[in-house]
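Chains as they are written, first to last, in this note's numbering: chain A, 874 to 1282; chain B, 874 to 1282.
Beta carbons: idealized from backbone N, C-alpha and C, even for Gly.
Here the structure is laid out as structure tokens; the discussion comes afterwards.
Okay, here's the thing in structure tokens:
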């Protein structure tokens, strides 16, 4: 990042007449390791969803399946105009995910999931030391790799899955390495109750007490938070990542995003994992972020321009890259997408452009995608990998995971 | 309808290996005359939205602009897999909309909007007799036209916009002609209060008292209804048309659809008009219908299969065509769509197919569309009209309408 791209020989010229050039969209909460689980876990509560599907499937992952899952998810993301993500992998094989991210050309901050508490499913639980040392090794290898396009995040799954010592160590490691901290918070009332019972604190205050707060931290969801929490998050400049589809589909609720924005919180958006969405589509999330607040707060709540900012600058800040990506400016990286809004669904053409982008446009309208100056999608086709091969491998690995993890299939 | 298509000469064979064949999607509440207003009326309350934008724009319509608006909307609908609609036009030029619907090949039940109450904006208000006689004439011309593909609906805008005598006459006309009645109901608390104040009745009871109920009637929205209303709608077998995007975007609320289904109500879905959505996309509405109930009722509320039924058989019933369309059965019309779910966003391929269709698929995955045995979309291209020409005319007419109706632009 920050490297000037010096054209060698003749520059590539892409004709964009009549098209719309936007900063690449940023999704600040994704689980690429779950992409192979899409459609295997629908219409279930968060707790059943985790225990019956996600835990067993994550535990069954191999290097090959983590790689295939990351390739499938990243292909969908790039084709749909998402150029940068904050990604939480599973507890094992995170190196394989980084290899996929390196080759496919998306900008990614990713990390191994941390689960050291005694209450975790045994197949995923790791000793604190092992979890931390493996994270530190991954950070040493991948943080700043691919010319800065890849970065590391320390990723405690959520407060109840981690011990206090692990969370404090994560805070120290992140501070020392300059990496991001990526976790979930305040997704369900049950989670809040668990944290309160185990620590005596409200969750947001507890996370702050162990150093999981401030501009370096990104907290996915924050659905069940009170006025005091919002003030604290704003004061700390902790990043909140709004996942409207996931919050609806798992029945979690509607996060008070307009209240957070009014209080000065930093907010990005994300699709979460494929099994709780089931799309990794920034257009779907932008539009839904704007829509779901309106019955509660009125039709002028979270207008289109604000939704677009969540999906660009908001996400950039959550990745710690507010100075590098999220807008088109001199000195920023060339993460750009080009939209074709000529189809009937985006007419008339003289209407407000932000409205057309947020309310009418869709992932399939993305024609070209550039990440860090490299063309990764051209004319709607992925240039950095073979999508037929991605599909073939994803389907083979998904079948193997299902056979191994889910008896009933 | 019901006509057997007898192949003359060699039949057309469409290779569908690896593709998914579905009954055509049905949207039972659309305002094609508003398609040109897309992106001109965002982030406003229903009342401001109507008074500041929709009324003036509808009043400015000409034959040419109504035709262009219908062509643009119908093109988007067909390309996105919607094969049949229930459409409410504006008060004038409805014949031009029918001409567009006839030529573009969608199955449509459409009607002139009725607004005879003294409280209507003068530019749209019509005398009761004129409104009724023009409706009867349109019904005589278009109900059953194009081999039964086009049908008429009597379309009182909503209870507050119509006099009691008009509503009773509509009920009689519909009974006599076999046409559908298409109106809005219980969209906002203000609407309910108005009806209560003016008639002394709750809205659903009032509509029933003037004959707007039963299988022949389709009531869009029904957001603000109580248990008693639900029981009445179920008993009457009145069709409810759920418009989740519109209800969110205008801040109206979330209709109690699972409660209606549990009570035995007939429910379809619809995108409503382009300015309050801003897509005319049945995939968006299906997915959102499934998602928005879950925070309130739990993640197993309105599962994917139920959402798909709303968008097929539910809509077919609302159009009075439950025996003709909405499922693939011997003796039903050939209204079919073919989906390509090979892209990354719909993988893995072994996942639950209904989940893939409702939660992952999108309008752009529609490859072929057949209405009444005729191929109207092939390989993602509209075969019945020139989309470049539709766009050109839509943009020219939209510019003229804006110039005429909206001073501030």
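Within the continuous alpha helix (DSSP H) that includes residue i, where are the two ends?
i, result
"residue 1245 of chain B", "Neither: residue 1245 of chain B is in no alpha helix (DSSP H) and is coded neither H nor E."
"residue 1123 of chain B", "Where residue 1123 of chain B is concerned, there is no enclosing alpha helix (DSSP H), given that its DSSP letter is neither H nor E."
"residue 1268 of chain A", "1260 to 1278"
"residue 1081 of chain A", "1076 to 1082"
"residue 955 of chain A", "Careful: residue 955 of chain A lies outside any alpha helix (DSSP H), inside the beta strand (DSSP E) at 955 to 961."
"residue 1068 of chain A", "1062 to 1072"
"residue 1130 of chain A", "1130 to 1136"
"residue 977 of chain A", "967 to 977"
"residue 1106 of chain A", "1100 to 1109"
"residue 930 of chain A", "928 to 933"
Indicate whether at least one CB of chain B lies closer than 7 Å to the CB of residue i.
i, result
"residue 1176 of chain A", "yes"
"residue 1055 of chain A", "no"
"residue 1237 of chain A", "yes"
"residue 911 of chain A", "yes"
"residue 1224 of chain A", "yes"
"residue 1232 of chain A", "yes"
"residue 1268 of chain A", "yes"
"residue 1124 of chain A", "yes"
"residue 1119 of chain A", "no"
"residue 1019 of chain A", "no"
"residue 1171 of chain A", "yes"
Please report the residue range of the beta strand (DSSP E) in which residue i lies.
i, result
"residue 980 of chain A", "980 to 984"
"residue 899 of chain B", "898 to 903"
"residue 944 of chain A", "Residue 944 of chain A -> not in any beta strand (DSSP E); alpha helix (DSSP H) instead, spanning 936 to 952."
"residue 1142 of chain A", "1139 to 1142"
"residue 1114 of chain B", "1112 to 1115"
"residue 1210 of chain A", "1209 to 1212"
"residue 1092 of chain B", "1090 to 1094"
I'd like to know if residue i contacts chain A, where contact means its C-beta is closer than 7 Å to some C-beta of that chain.
i, result
"residue 1258 of chain B", "no"
"residue 976 of chain B", "no"
"residue 936 of chain B", "no"
"residue 902 of chain B", "no"
"residue 907 of chain B", "no"
"residue 1265 of chain B", "no"
"residue 1006 of chain B", "no"
"residue 1217 of chain B", "yes"
"residue 877 of chain B", "Because the pLDDT at residue 877 of chain B is just 42, under 50, the model does not fix this residue reliably, and the value given afterwards should be weighed accordingly. So no, residue 877 of chain B is outside the interface."
"residue 891 of chain B", "no"
"residue 1031 of chain B", "no"
"residue 923 of chain B", "no"
"residue 1251 of chain B", "no"
"residue 960 of chain B", "no"
"residue 1182 of chain B", "no"
"residue 1109 of chain B", "no"
"residue 1100 of chain B", "no"
"residue 1009 of chain B", "no"
"residue 1262 of chain B", "no"
"residue 1000 of chain B", "no"
Which term fits residue i, buried or exposed, when burial requires 16 or more other beta carbons within 10 angstroms of its beta carbon?
i, result
"residue 1063 of chain A", "exposed"
"residue 1052 of chain B", "buried"
"residue 1073 of chain B", "exposed"
"residue 1060 of chain B", "buried"
"residue 1100 of chain A", "exposed"
"residue 1200 of chain B", "exposed"
"residue 1254 of chain A", "exposed"
"residue 1118 of chain B", "buried"
"residue 1020 of chain A", "exposed"
"residue 885 of chain A", "exposed"
"residue 992 of chain B", "exposed"
"residue 1146 of chain B", "buried"
With residue i and residue j assumed to form a contact (beta carbons below 8 Å), what rounded beta-carbon distance in angstroms separates them?
i, j, result
"residue 1210 of chain A", "residue 895 of chain A", "5 Å"
"residue 1184 of chain B", "residue 898 of chain B", "5 Å"
"residue 1169 of chain B", "residue 1230 of chain B", "24 Å between Cβ atoms; not a contact."
"residue 1091 of chain A", "residue 1114 of chain A", "5 Å"
"residue 1131 of chain A", "residue 1166 of chain A", "5 Å"
"residue 930 of chain A", "residue 1274 of chain A", "6 Å"
Can residue i be considered in contact with the ligand PLP, in the sense that its beta carbon sits closer than 6 Å to one or more heavy atoms?
i, result
"residue 896 of chain A", "Inclusion of the ligand PLP in the displayed structure is not the case, the ligand content being empty and no account of it being possible."
- Message: Which runs of the beta strand (DSSP E) at least 3 residues long sit entirely within the stretch 1015 to 1055 of chain B? Give them in chain order.
- Response: 1023 to 1029
- Query: Mind pulling the alpha helix (DSSP H) runs of 4 or more residues that sit fully within the stretch 1149 to 1190 of chain A?
  - Reply: Here the runs fully enclosed are 1155 to 1165, 1167 to 1170, 1177 to 1182.
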